[in-house]
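This is the structure in structure tokens:
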């Protein structure tokens, strides 16, 4: 996923959940990703003000697109200075894209106004770079 221009509206389908963000600016939204040997782990987060929602909340989702290898079970997560949440386990096979949306969380829980997505699989944890400026 990529950030869009100032006037653009965007919708990202993440594991069957739609995140909608309309922005007059992209200063309070972002995406990050980590290339893995068998796919790409992505994380998107935006402040509610980007979608005419309360500015006191931020919305985020973690997603994985598997491009090679066998079927695996994954658990998605999102973390800030004060929050650590995990999804139920999900199975993903080559060619699939799965994810989890974290809904509205208080920006006060970000501490430094950033959030990071992660995924656990086969005893390893993989992180995306943080998305900053969520406050």
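In my numbering, the protein residues as written are -8 to 126. Don't be surprised by glycine CBs; every beta carbon is placed ideally from N, CA and C.
Per DSSP, the beta-bridge partners of residue 55 are 32, 89.
When DSSP states are grouped into helix, strand and coil, residue 40 belongs to the helix group. No Cβ-Cβ contact shorter than 7 Å links residue 37 with residue 53.
Contact check for residue 19 against residue 96 fails: the beta carbons are separated by 7 Å or more. Nearest to residue 28 by alpha-carbon distance, out of 22, 40, 60, 43, is 60.
Residue 71 sits away from residue 42, with the two beta carbons spaced by 7 Å or more. Within the DSSP bridge table, the entry for residue 66 names 111 as partners. For residue 20, the enclosing beta strand (DSSP E) starts and ends at 20 to 27.
Distance between residue 44 and residue 94, taken at the CA atoms: about 12 Å. Between residue 116 and residue 24, the beta carbon gap of about 16 Å keeps them out of contact (Cβ cut-off 8 Å). In this structure, residue 76 sits away from residue 65, with a CB-CB distance that is not shorter than 7 Å. Secondary structure note for residue 81: its beta strand (DSSP E) is the uninterrupted segment 81 to 83. Under the criterion of beta carbons closer than 8 Å, residue 109 and residue 90 do not qualify as touching, at roughly 12 Å.
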